[in-house]
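Everything below concerns the one structure shown next.
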Amino acid sequence: MPVAALPLPAGLLDGEAAGLIVAAGSDLSLVVDADGVIREAASGGEDPGPGTVAAWRGRPFSDTVTVESRPKVEALLREARADAVTRWRQVNHPSPEGPDLPVRYAALRPKAGGPVILVGRNLRAVAALQHRLAEAQQALERDYDRQRAAETRYRLLFQLTGEPVLVVDAGTRRIAEVNPAAARLFGRQPKRLAGLDAVDLFEAGSARAVETLFATLRVAGEAADIPARLAHGRGATTVSASLFRGESATSVLLRLAVPAEGEAAQGLAAHAAEVLRAMPEGFVVTDAGRRVLAANTAFLELSQLATEEQARGQPLDAWLGHDETEAQALFATLRDHGSVRRFSTVLRGQYGSVEDVEVAAVAVPGQGCLGFSFRAGPRRAASPVGTALPRSVEQMTELVGRVSMKTLVRETTDLIEKLCIEAALRITRDNRASAAEMLGLSRQGLYAKMRRYGIGDLDGPDEA
1 MPVAALPLPA GLLDGEAAGL IVAAGSDLSL VVDADGVIRE AASGGEDPGP
51 GTVAAWRGRP FSDTVTVESR PKVEALLREA RADAVTRWRQ VNHPSPEGPD
101 LPVRYAALRP KAGGPVILVG RNLRAVAALQ HRLAEAQQAL ERDYDRQRAA
151 ETRYRLLFQL TGEPVLVVDA GTRRIAEVNP AAARLFGRQP KRLAGLDAVD
201 LFEAGSARAV ETLFATLRVA GEAADIPARL AHGRGATTVS ASLFRGESAT
251 SVLLRLAVPA EGEAAQGLAA HAAEVLRAMP EGFVVTDAGR RVLAANTAFL
301 ELSQLATEEQ ARGQPLDAWL GHDETEAQAL FATLRDHGSV RRFSTVLRGQ
351 YGSVEDVEVA AVAVPGQGCL GFSFRAGPRR AASPVGTALP RSVEQMTELV
401 GRVSMKTLVR ETTDLIEKLC IEAALRITRD NRASAAEMLG LSRQGLYAKM
451 RRYGIGDLDG PDEA
């Protein structure tokens with residue numbers, strides 16, 4: 001709103017004199033001529049910068065302000081007249097020593113066509129206060145964010161914990177909040193439990209002890225855990241209570257430790273682990289990379305290891321199978337089907353023993369571990385010459401995937417030779433000369449092969 005000018009006798013004051021008088025009552029005062037050049041500049045208080053105001057003399061007013069303030073300067077000079085003071089406008093003067101200098105100006109032109117007097121209020125202190133206010137607001141926002149995050153974590157923990165928890169008013173014993181675990185324990189919706197007396201959740205024989213617990217909390221601030229029984233035959237529990245203050249009220253955090261199924265499951269798991277360790281059949285648990293995590297005593301005996309530590313971390317392939325392809329066949333089947341039954345192979349001991357075993361294996365979904373059991377087969381007498389040959393084509397077929405194709409072809413050839421020799425001897429009624437002629441072999445060649453495969457009595461008399 002324009003302010004009426006104080007009427008002065010004509011010619012009493014020129015622009016410069018009026019500027020000096022105004023300077024005494026303002027933070028900054030400027031006298032600007034008709035061309036917009038600052039002719040006088042004075043600071044009524046402390047100079048905002050060493051020599052800053054004095055340096056404006058002789059410079060166009062618009063050159064002493066920032067770019068965005070120039071339209072405001074032009075408006076001040078254009079609107080200045082003798083009968084009223086212009087409205088206040090804030091402009092910014094660039095400062096080489098730090099932040100811009102904010103000044104709030106109003107203008108007055110004492111004489112028509114004469115210089116313009118500008119009265120300025122230094123807003124740097126106000127800007128500093130505004131800056132501190134903004135920082136305080138930001139600090140409050142950060143505190144609010146931390147408080148909201150802490151409340152969110154509390155709510156999440158309160159909702160997700162498996163332990164039944166109730167928040168109870170310390171004075172009235174009325175239930176304020178119930179987590180889902182407590183609602184499941186009492187078989188009610190949380191909103192139906194809210195407002196009830198916490199003592200009513202317990203049997204009559206335990207109610208007095210719970211009342212004493214609340215009384216002790218109010219007097220001493222802490223109380224020991226107590227055993228109690230829940231109402232309606234919901235079983236035994238251990239009650240723990242903690243006193244806390246919030247929102248000008250005192251509350252009790254009531255925790256109910258019920259013998260959980262998880263504890264029973266842990267006990268069962270411990271018993272199962274002991275049973276597996278004592279089993280007469282070998283048992284091994286590995287990770288997804290088939291490195292041993294645990295092994296029972298029977299497996300250690302089969303693999304000729306002294307302690308479980310020797311096996312732990314080692315690949316199961318080190319003891320399993322005649323060769324690498326046999327172990328790979330087992331693992332591929334386990335990967336494709338999730339379980340393997342009655343896979344016949346051998347378990348090689350640390351010191352060269354070889355045990356025939358039957359393997360059952362399973363991959364545990366979601367656990368990243370594999371389980372293997374090894375049932376030892378009957379011991380076989382070692383063949384005096386090389387590896388004992390299969391006795392039939394069916395036995396040969398069973399070796400597919402367990403031995404290399406090169407070995408399989410060699411053993412198949414040996415099997416066919418043996419069967420042909422046995423058939424020729426049967427046809428010729430054990431006449432070896434005729435059998436050799438039938439097979440296209442010399443008699444010495446036939447004897448060599450019979451000796452190799454252990455056929456017939458080579459010490460008997462030769463046929464004519």
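Residues in the sequence shown are numbered from 1 upward in steps of one, following UniProt numbering.
Just so you know, even glycine gets a beta-carbon here, dropped at the ideal spot from N, CA and C.
Report task. For residue 168, collect the residues of the same chain with a Cβ closer than 6 Å to its Cβ; drop the 5 residues on either side in sequence, then sort them by chain order. Result -> Residue numbering aside, residue 168 sits at position 168 when the sequence shown is read from its first letter. Excluding sequence neighbours, residue 168 sits near 175, 198, 252 and 254.
Report task. Would you mind giving the Cβ-Cβ distance between residue 117 and residue 31, rounded to the nearest angstrom? I have them listed as a contact below 8 Å. Result -> Indexing the sequence shown from 1 puts residue 117 at position 117. Indexing the sequence shown from 1 puts residue 31 at position 31. Confirmed, Cβ separation roughly 6 Å.
Query - Distance, residue 153 Cα to residue 239 Cα - result: Along the sequence shown, read from residue 1 onward, the residue named residue 239 stands at position 239. Along the sequence shown, read from residue 1 onward, the residue named residue 153 stands at position 153. Cα to Cα, the separation comes out at about 24 Å.
Query - Helix, strand or coil at residue 57 according to DSSP, with G and I counted as helix - result: Position 57 of the sequence shown, counting from 1, holds the residue named residue 57. The answer is coil: DSSP assigns residue 57 none of H, G, I, E or B.
Requested in this report: Determine the burial state of residue 27: buried for a count of at least 16 other Cβ atoms within 10 Å of its Cβ, exposed for fewer.
Outcome: Taking the sequence shown and counting its residues from 1, one reaches residue 27 at position 27. Per the 10 Å Cβ criterion, buried.
**Report entry** residue 96 versus 53, 333 and 75, residue with shortest Cα-Cα distance
**Finding:** Mapped onto the sequence shown, residue 96 falls at position 96. Per the Cα distances, 53.
Report task. Run the CB neighbour count on residue 105, radius 10 Å, all protein chains shown included, and call it buried at 16 or more, exposed below. Result -> On the sequence shown, residue 105 is found 105 positions in, with the first residue counted as 1. The residue is buried, with at least 16 neighbouring Cβ atoms inside 10 Å.
Query - Neighbour-count burial assignment, residue 448, 16 or more Cβ in a 10 Å radius - result: Position 448 of the sequence shown, counted from the first residue, corresponds to residue 448. Burial call: exposed.
Query raised in the report: In or out: residue 110 buried (at least 16 other Cβ within 10 Å) or exposed?
Result: The count along the sequence shown starts at 1 and reaches residue 110 at position 110. That one is buried.
Query raised in the report: What did DSSP end up calling residue 383 once you bin it into helix, strand or coil?
Result: Counting from 1 along the sequence shown, the entry for residue 383 is found at position 383. Unreliable positioning characterises residue 383 in this predicted model, as indicated by a pLDDT of 40, which lies under 50. The coordinate reading is nonetheless provided below. Coil.
Requested in this report: Spell out the partners DSSP gives residue 237 in its beta bridges.
Outcome: Translated into positions along the sequence shown, residue 237 becomes position 237. Its beta-bridge partners are 228.
Query raised in the report: The alpha helix (DSSP H) spanning residue 437 covers which residue range?
Result: Position 437 of the sequence shown, counted from the start, is the residue given in the question as residue 437. Per DSSP, residue 437 belongs to the alpha helix (DSSP H) from 432 to 439.
Query raised in the report: Which residue comes first and which comes last in the alpha helix (DSSP H) that contains residue 151?
Result: For this step, residue 151 is matched to residue 151 along the sequence shown. From DSSP, the alpha helix (DSSP H) with residue 151 extends over 124 to 160.
Query - Residue nearest to residue 227 in terms of C-alpha spacing, selected from 233, 256, 243 and 455 - result: Against the sequence shown, residue 227 aligns to sequence position 227. Taking only the C-alpha atoms, the option nearest residue 227 is 256.
Report task. Pull up the DSSP beta-bridge partners for residue 455, would you. Result -> Translated into the one-based positions of the sequence shown, residue 455 becomes position 455. DSSP, once it has assigned bridges, lists no residue as partnering residue 455.
**Report entry** C-beta atoms of residue 161 and residue 181 nearer than 8 Å
**Finding:** As a working mapping, residue 161 is identified with position 161 in the sequence shown. As a working mapping, residue 181 is identified with position 181 in the sequence shown. It is a contact, given that the beta carbons lie within the stated cut-off.
Query raised in the report: So, is residue 224 buried or exposed, given that buried needs 16 or more other C-beta atoms within 10 angstroms?
Result: As a working mapping, residue 224 is identified with position 224 in the sequence shown. Looking at its Cβ environment, which holds fewer than 16 other Cβ atoms inside 10 Å, residue 224 is exposed.
Query raised in the report: Smallest Cα separation from residue 163: which of 173, 179, 150 and 151?
Result: Along the sequence shown, one-based indexing puts residue 163 at 163. Ranking 173, 179, 150 and 151 by Cα distance to residue 163 puts 179 first.
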